[in-house]
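Notes follow once the structure below has been shown.
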Amino acid sequence: MSMLETLLGTFQTGSGFWNPIVWIIVAALVFLITYILRGFGNKKYKKGTEQVKSFLSGNPEYEKEKMHVKGSNLFWGFTESLKWIFDILHKMHTGNISDYVLWFVIVMAVLFLLVGLM
Amino acid sequence: MNIIDFLLQHSPALIVAIPLLGAFLTPLISRINNKARNIFVILILGLTTSIVFLLANDVFAGNIHTYVFGSQDLALPIVRILFEVDAMSAFMAIIGSILALVAVIYSWAFIKENTGLDKFYTLILLTTAGMFGMVLTGDMFNLFVFLEITSIASCALIAFWTNKGKSVEAGFKYIVISSIGALFLLFAIALLYGQYNALNIATLANAIQFSFLDKIALVLLIAAFAMKAGIVPMHMWLPDAYSKAPASVTIVLVGATQASLYGVFRVCFTLYGNTINLSPASIGWIIVLLGLITMLLGVAMALIQSDFKRLIAFSAVAEIGFIFLGIGAGLTVLGNAEMMAAIGIPAMSGGVFHIMNDALDIGLLFLVAGAIYYATRETSLDKLGGLARNMKYTTVFFIIGLFAVSGIPPMNGFASKLLIYESTFQLNPILSIVAILSSIMLLAVFVKVFHSVFLGPSLPKFKEVKEVPKSMLIAMGIIASIIIVFGLFPELIINNIVEPAVSALVNYGDYIREVIPTFTGGI
Chain A
199 MSMLETLLGT FQTGSGFWNP IVWIIVAALV FLITYILRGF GNKKYKKGTE QVKSFLSGNP
259 EYEKEKMHVK GSNLFWGFTE SLKWIFDILH KMHTGNISDY VLWFVIVMAV LFLLVGLM
Chain B
108 MNIIDFLLQH SPALIVAIPL LGAFLTPLIS RINNKARNIF VILILGLTTS IVFLLANDVF
168 AGNIHTYVFG SQDLALPIVR ILFEVDAMSA FMAIIGSILA LVAVIYSWAF IKENTGLDKF
228 YTLILLTTAG MFGMVLTGDM FNLFVFLEIT SIASCALIAF WTNKGKSVEA GFKYIVISSI
288 GALFLLFAIA LLYGQYNALN IATLANAIQF SFLDKIALVL LIAAFAMKAG IVPMHMWLPD
348 AYSKAPASVT IVLVGATQAS LYGVFRVCFT LYGNTINLSP ASIGWIIVLL GLITMLLGVA
408 MALIQSDFKR LIAFSAVAEI GFIFLGIGAG LTVLGNAEMM AAIGIPAMSG GVFHIMNDAL
468 DIGLLFLVAG AIYYATRETS LDKLGGLARN MKYTTVFFII GLFAVSGIPP MNGFASKLLI
528 YESTFQLNPI LSIVAILSSI MLLAVFVKVF HSVFLGPSLP KFKEVKEVPK SMLIAMGIIA
588 SIIIVFGLFP ELIINNIVEP AVSALVNYGD YIREVIPTFT GGI
């Protein structure tokens, strides 16, 4: 088998296969088709007019610098609905070194039990 | 004997000796000037990396290397230290060498404004030497010594920015945790030595009986190494240390953490390989369970972080969970040839390949975080924004890291995660469901970072921000290139690097027979 064949070979995963080169070719084709379809879009909008401004239910638009959604606000719905889980996780992470050692002792105790039962 | 043969013969010793000697020469070279010192450190690690690749090339061809310090006659009961390098050791050494070399290239510009750089580079080289020692040694006590060298040097590096209280606090936490882990490790080694009058891993593996004391030693070894590897719920030191250390130190710490992961696998597969065969499923399922918890908790904590580096640190915890899942799944079926071929080998290939991918992906993301900090002096996601306009190359490197760490095709993370998903699905579908869910959440985590840091309007306070210096771009570029190559040609990497490493873990008998030719166990 030549070096090129080795490089382009399909990777057998045991129950499936994966060929990144084929994936890239297919992805490039999809992008090309999307780009062609985009070309059929409406080109009649007028730049620099009301048509390109954001519409915020009639409210005035803030300055762009103030419109950036901060990192902490992203996935708010997800984190708010699972707040009880995140609260528990927060409480675990006390930042106290004694607690870090306590977790080590707990894990060791559990492992002793499990290995002892073998 | 030509120079290549000479280097190959002495390579296990040289890989540790060169950075160790370099570490002590660095302060002297610093007296000339900073540029000479930086070039010297890069040359030292470049030379070490070349020797690592030379050794790895020979080891991957099927030759286990042993190197004896002391009496050459193994039958004599004389104190000696033995280095034993199989494909798994060589695999880990490759990771360590790439990370260390990239770290010093990145440091050239990143850390140049700081004082005490002679000590900084000395500590980097000491950590690297310790890391290499951990993965190359064939002696339990020597493993402990190298673990301590790595821990003490890493602690000083984490607290390098001594003007920042939190860095010193992180360094303190790290050394407390490392010392406690190392003490339990030493206790376990003492238990084994007391019973078998040996410290050599192969000799111990040949003699081990899985007695009551051996079980205690096993628990102590797994717990100590797992804590150093950042397994949940013993991971809490890791976000503190990773986020407060300079970015070029964090990437070396990733390598040091993975050397501890190697410790877990060496203990389970080699040291206890012959006895765990009696009950491989139990140990395997413990590791799988730890992996699942690590993945889920790591990614959940990453999602709610607002500090860039702390967020990546929790993602690093989650990534270690994937590795544990893959290797643990392999361990559950160790001893069953049919199941091993169908599930065990692909799962372990995924796990071992993911060790490399995790080091590269998380390493690249930490370097990007360091670049953002270098340019803006800011790591809070709430205060950053619009930087894609000013830092185009860094943005591209982040996107590559984002795709890779989330397992998006065609990056390297996809190939290793695909192997883990498919094989664990056959073991139990819930395992792969949890793994895929964690991967999706990782994507969400880094999409959040991408939006917060790089997208959005140009913020007035970052109008003057410029792209980072070339040495930092080159360092990020090296890792990004490796990620792309590994992603595009996974078969090449798995066949030539990963499978020999997996084979070395599974066929532990070969490792033992290299020292004890009469050993008849193993698969």
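So the protein lines, in turn, are chains A and B. Heads up: the first sequence runs through residues 199 to 316, numbered per this note's numbering. Heads up: the second sequence runs through residues 108 to 630, numbered per this note's numbering. Note that beta-carbon positions come from the ideal geometry of N, C-alpha and C, so glycine has one too. Here the structure is a predicted model, which is why all the values come from computation and not from measurement.
Quick one: is residue i near chain B, going by C-beta distance under 8 Å?
i                     : result
residue 250 (chain A) : no
residue 221 (chain A) : yes
residue 253 (chain A) : no
residue 262 (chain A) : yes
residue 274 (chain A) : no
residue 241 (chain A) : no
residue 312 (chain A) : yes
residue 245 (chain A) : no
For residue i, which option in the options has the closest C-alpha, if you only look at C-alpha atoms?
i                     : options                       : result
residue 504 (chain B) : B:445, B:585, B:535 and B:408 : B:585
residue 162 (chain B) : B:132, B:201 and B:142        : B:201
residue 266 (chain A) : B:599, B:588, B:567 and B:587 : B:567
residue 232 (chain B) : B:565, B:155 and B:401        : B:155
residue 143 (chain B) : B:215, B:473, B:121 and B:158 : B:215
residue 302 (chain A) : B:401, B:287 and B:260        : B:287
residue 380 (chain B) : B:368, B:133, B:129 and B:311 : B:311
residue 604 (chain B) : B:225, B:499 and B:461        : B:461
residue 110 (chain B) : B:564, B:130 and B:158        : B:158
residue 476 (chain B) : B:389, B:450, B:357 and B:532 : B:357
residue 262 (chain B) : B:398, B:541 and B:226        : B:226
residue 208 (chain B) : B:147, B:572 and B:459        : B:147
Counting contacts by CB-CB distance shorter than 8 Å, is residue i in contact with chain A?
i                     : result
residue 598 (chain B) : yes
residue 489 (chain B) : yes
residue 344 (chain B) : yes
residue 330 (chain B) : yes
residue 157 (chain B) : no
residue 522 (chain B) : yes
residue 533 (chain B) : yes
Considering only residues of the same chain and omitting the five flanking positions on each side of residue i, which have a CB-CB separation below 7 Å?
i                     : result
residue 552 (chain B) : 406, 409, 410, 418 and 422
residue 509 (chain B) : 553 and 557
residue 314 (chain B) : 303 and 305
residue 324 (chain B) : 295, 298 and 299
residue 260 (chain B) : 230, 233, 234 and 237
residue 295 (chain A) : none
Which residue marks the beginning of the alpha helix (DSSP H) containing residue i, and which one marks its end?
i                     : result
residue 239 (chain B) : 224-243
residue 172 (chain B) : Run containing residue 172 (chain B): none in the alpha helix (DSSP H); it sits in the beta strand (DSSP E), 172-176.
residue 519 (chain B) : 519-534
residue 367 (chain B) : 354-372
residue 180 (chain B) : Unbroken run through residue 180 (chain B): none, as it is neither H nor E.
residue 298 (chain A) : 295-314
residue 265 (chain B) : 247-265
residue 313 (chain B) : 308-314
residue 344 (chain B) : 344-351
residue 429 (chain B) : 415-439
residue 253 (chain A) : No alpha helix (DSSP H) contains residue 253 (chain A), which DSSP labels as neither H nor E.
residue 302 (chain B) : 272-303
residue 235 (chain A) : 218-237
residue 611 (chain B) : 606-613
For residue i, which of helix, strand or coil comes out of DSSP?
i                     : result
residue 461 (chain B) : helix
residue 560 (chain B) : helix
residue 165 (chain B) : helix
residue 137 (chain B) : helix
residue 271 (chain A) : helix
residue 213 (chain A) : coil
residue 565 (chain B) : coil
residue 318 (chain B) : coil
residue 513 (chain B) : coil
Leaving out five residues on either side along the sequence, give the residues of the same chain with a beta carbon under 8 Å from the beta carbon of residue i.
i                     : result
residue 64 (chain B)  : Because chain B is modelled from 108 through 630, residue 64 (chain B) falls outside the range shown and cannot be assessed.
residue 284 (chain A) : 277
Within the 8 Å Cβ cut-off, does residue i reach chain C?
i                     : result
residue 216 (chain A) : In the displayed structure, chain C is absent; the protein chains listed are A and B.
What first and last residue would you give for the beta strand (DSSP E) that runs through residue i?
i                     : result
residue 190 (chain B) : 188-192
For residue i, which residues from the same chain have a beta carbon less than 6 Å from its beta carbon, with the 5 sequence-adjacent residues on both sides left out?
i                     : result
residue 519 (chain B) : 464, 511, 590, 593 and 594
residue 400 (chain B) : 339
residue 451 (chain B) : 437 and 440
residue 416 (chain B) : 350, 476 and 486
Quick one: does the C-beta of residue i sit closer than 7 Å to a heavy atom of the ligand GDP?
i                     : result
residue 565 (chain B) : Ligands are entirely absent from the displayed structure, and the ligand GDP is therefore not among its contents.
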